[in-house]
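Structure, as structure tokens:
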Amino acid sequence: NEVITGATQTMDDWFELSTASKGGDEYDNFDRLSTVRIVCEYEATDPPPQPGDWVRFTRFCFPADLYPLRYDKSFVVREIDGDIVVVQYYSPEGWLCTAAT
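Residue numbers (the working numbering): -2 to 98.
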């Protein structure tokens, strides 16, 4: 998840491959077959947003994490402070609002 969100650029993990044997009513015996190594790298190709740019959230975001913002709307970047992006939008009532992401 950190690679998808851009929090880290590399994931390098080993995962076990196994089968489950049924014992009684439950699968309680796992036979380890092998392991597999997955290395995933992500490098952003777009420059970071600048004040005045229009931005949108990706569908990788959970709506509850963004509330009251929505992933299907565009927002104007008001300012940048390190990794924090302050966006500006109008509420349904017509109020000018800002949010830090």
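Beta carbons are placed, not taken as given, at the ideal position from N, Cα and C, and that holds for glycine.
Backbone secondary structure at D28 - three-state DSSP = strand
Look at the alpha carbon of L66 and the alpha carbon of Y86, and state the distance between them as a whole number of angstroms.
-> 9 Å
For V83 and A97, believed in contact at Cβ under 8 Å, the rounded distance | 5 Å
By the 10 Å Cβ neighbour count, where 16 or more other Cβ atoms means buried, how is F57 classified, buried or exposed?
-> exposed
Spatial neighbours of D10 in its chain, beta-carbon cut-off 7 Å, leaving aside the 5 residues before and after | I35
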